[in-house]
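Residue numbers (the numbering used here), protein chains in the order written: chain F, 2 to 172; chain X, 313 to 736; chain Z, 430 to 761.
Note that CB positions come from ideal geometry on N, CA and C, so glycine has one too.
Shown next, in structure tokens, is the structure this report addresses.
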């Protein structure tokens, strides 16, 4: 299986995100990255933007639905939402969209900060397999994977993004 | 009833016997050792091959909880436990309810024990009325009723003048005073040895000096008043050294140590194990080593169980609120043997610590198998390994810090008055 | 001896004392607490982690302050809270500790926060609860007050992040203090190289050096070049037990005044677990001064307690984990 170059995907979704911000108006917009991949992507997007836009970081670990089974595995990273969520058009950014549960947790957490005007989800890759009626609005690429496969985004020391696939690969 | 104990290894410290000898019993007494008497025909033969035949053990302190605390234990349950542990004679302390400070109570206790026809009970009378440390008891009357000595149990006499006079009065008649030496004020509210463990666990400690100070006072007064003193349940290295020096100076003092203190230290409190809550408290490794050495060099004359049955509810409490004490009669033998193996002492020496020595301290007959002595005998297997479990213990008290641990050495037969009173 | 605080996999099952806990568990708690500090600053000061769970505060020894902070922490995790002041109710009617605890178990509580006047009492309770209940020690006699120790090192870490280069001094009644013992264990486990105790001999436990501390009886010498000063509370009873002559003499010799504090590093911080005895162990000007972090300690106390509850409550006990093992974890 040939994996797409995440740098290209990043360029694509950056264009679409900028377009969406134009539509909503930059004064009413904000970006929120979901740790860790979403935050790397968001920082790259912010670098490439001329204008300043409010942004935040979320872990969503405290809102996961599998806490009862798994507990708090690693210490959650502290959320940083330094802007007022009320009435903002927020673009949630994550790396890989899979079951939709992380997105649900992130949305629940955002709603505890205030009532946004809208939330859109932007991801590099949708790997299929949603278990909830949630879907990303902005997608770099769709790659359908099986349950025993997993896709990981990583960032090297020069901040370049890489994708790796683990699990059984079938052609 | 004529009994022949065949092929056993006889250990009789008083008569210096440590060899294979048969034992012949008739009419409740030792009829012969080694060779059969002419015309002796046994009704019962006990095959003691591979077993040790010893005088029935003599325990310097076992609480029987009667009168007054029958919910903790009864004479019957505890004397049966004694026999299961090979103990045929025991002294009980006066801290019953009511206190053993009246001849009538002592007579009743002796009578009850005799009726049960289980181990022999030798009460220690209270030294002061109600053990309060103020007024003397009628020591002569109490001795006539059956007391073999006088004790304050766990209650210190703080008034040195009264202590002195009690000593003098007892010395008039040659009575022995049995005291557990501990300074009342330094020990107040203390539950553990005052050392690193108590500091970590936040427990109020009783310093070793509490015992040292009290022993020094007691020995000094005894020296002046020429009283026979027995120091009960030594727990400190400094205590052992004080006794060693006093004996060198000719003071009439004897001492004992409990089986618990021969083997455990304050580390055994672990995570606040209430079964390790004892009086005196379990002390440091250094103290334990000194106690074991003291036994070896004769500074400490005897080992005792310090049997203290406590009902489950009184131990099912936080450490500081739990009642102190360990159930110990049935572990006297294996723990005594263990002291010997761990301290390179012989089995002969260890058996002396629980037979001839305590018998001589109490000045009672027993603790030996001389011809014509009462046939009170313990026959045990020194190699049997067994696990301490609550259901197996005959005592009503299941409160032992050794619960679940392995013991080596088990009594197979206990004979009382020449009759098999217990068989495993 | 198996550590009763950890389960078979080495995860935290109860929080009874800091002594014996591995460094990585302490760090896990402190790192988790970081995310909870932010929760208190939001409009909606809640996260749903303990939703539907019942936390029982069982206080055999009274304390409104500590009980309140545990209550706030539990509620911010969306738990339901029951407060039981046992001193005033069943215990005085002769009910044993275990009977009180059994009754609460029968009412399906999920977590017990227990304070008791006797050392070891909370260990005792933890040994008798079923597998699915976690016990948090809110202070047992003079033995341990682990959440206080944790919030204190959390505070130290916040202001002095380089823990491996610190001098910390504890001042006051170490002998009777469960807070001091927990603080000492936390500091030494986290690798603070120098921990000092400053107190008169009557207020120090035997062999205290074996806990890994340096002993000072002279406060001026003890505070020299120190980065953190942790004050301990002095109770009035100490005067009546012949441990100290008077509060005035104590304040003169061991009270924290500005001139004594000036012997420490210029950026040294001052801490106190509260409640303070102003003019006895600490001068008002110091307690309210710019070096004091006593109020932030309170805020951090809630975050740390939330972290402890979140870690203890999450994940099914090992015995039940087998049946849940087919569940696949969540994804994006």
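Cβ contact annotation for residue 109(F) (same chain, cutoff 7 Å, sequence separation greater than five): 64, in chain order.
In its chain, beyond the 5 residues on either side, 533, 537 have a beta carbon closer than 7 Å to the beta carbon of residue 476(X). Between residue 326(X) and residue 337(X), the alpha-carbon positions lie close to 18 Å from each other. Here the stretch 394 to 407 of chain X lies against the stretch 356 to 376 of chain X, with 3 or more beta-carbon pairs under 8 Å apart.
Rounded to the nearest angstrom, the Cβ distance from residue 435(X) to residue 409(X) is 14 Å, too far for a contact under 8 Å. Under the Cβ criterion of 8 Å, residue 444(Z) is not counted among the residues facing chain X. Along the stretch 23 to 69 of chain F, the beta strand (DSSP E) occurs as fully enclosed runs of 3 or more residues at 30 to 35, 56 to 59, listed in sequence order.
For residue 580(Z) and residue 726(Z), the gap between their C-alpha atoms comes out near 7 Å. DSSP places residue 619(X) in the strand class (E or B) of the three-state scheme.
A Cβ-Cβ separation of about 6 Å places residue 107(F) in contact with residue 93(F) under the 8 Å criterion. In the three-state scheme derived from DSSP, where H, G and I count as helix and E and B as strand, residue 403(X) is classed as strand.
For residue 455(Z), the closest Cβ of chain F is not nearer than 8 Å. A distance below 8 Å between beta-carbons, with the five flanking residues on each side excluded, links residue 87(F) to the following residues of its chain, in chain order: 115, 116, 117.
Among the residues of chain X, none has a CB under 8 Å from the CB of residue 543(Z); the nearest is roughly 11 Å distant.
For residue 628(X), the residues of chain Z that pass the 9 Å Cβ criterion are 525, 526, 527, 553, 557, in the order they occur in the chain. From the beta-carbon of residue 60(F), the residues of chain Z found nearer than 8 Å are 464.
Annotation for residue 441(X): 413, 447, 449 place their beta carbon closer than 7 Å to its own, counting only its chain and skipping 5 residues before and after. In this structure, the alpha-carbon of residue 588(X) lies about 42 Å from that of residue 465(Z).
Beta-carbon to beta-carbon, residue 478(Z) and residue 507(Z) are separated by about 7 Å, close enough to satisfy the 8 Å threshold. Among the bridge pairs identified by DSSP, residue 165(F) is matched with 153(F). In this structure, 732(Z) is the residue among 740(Z), 732(Z), 693(Z) with its C-alpha nearest to the C-alpha of residue 475(Z). Against chain Z, the CB of residue 632(X) has a partner CB under 8 Å away; the residue lies at that interface. The closest CA to that of residue 480(Z), considering only 68(F), 51(F), 140(F), 78(F), is found on 68(F). Rounded to the nearest whole angstrom, the CA to CA distance from residue 548(Z) to residue 606(Z) is 11 Å. Counting only Cβ-Cβ distances below 8 Å, residue 79(F) has contacts in chain Z at 463, 464, 466, 467, in chain order.
Between residue 84(F) and residue 128(F), the C-beta spacing is not below 8 Å. Partner residues in the beta bridge of residue 725(X), as assigned by DSSP, are 691(X), 735(X). Per DSSP, the unbroken beta strand (DSSP E) holding residue 570(X) starts and ends at 565 to 570.
Residue 505(X) places its beta carbon less than 8 Å from that of residue 517(X).
In the three-state scheme derived from DSSP, where H, G and I count as helix and E and B as strand, residue 604(X) is classed as helix. For residue 434(X), the enclosing beta strand (DSSP E) stretches over residues 432 to 435. Inclusion of residue 323(X) and residue 660(X) in the CB contact set at 8 Å is warranted, their separation being smaller than that value. By the criterion of a C-beta distance shorter than 6 Å, residue 502(X) is surrounded in its chain by 516, 517, 518, once the five residues flanking it on both sides are discounted. The three-state reading of DSSP puts residue 532(Z) in helix, counting H, G and I together. Rounded to the nearest whole angstrom, the C-alpha separation of residue 607(X) and residue 641(X) is 19 Å.
Within the stretch 727 to 744 of chain Z, the residues whose Cβ lies closer than 7 Å to some Cβ of chain F are 739, 740, 743, 744, listed in chain order.
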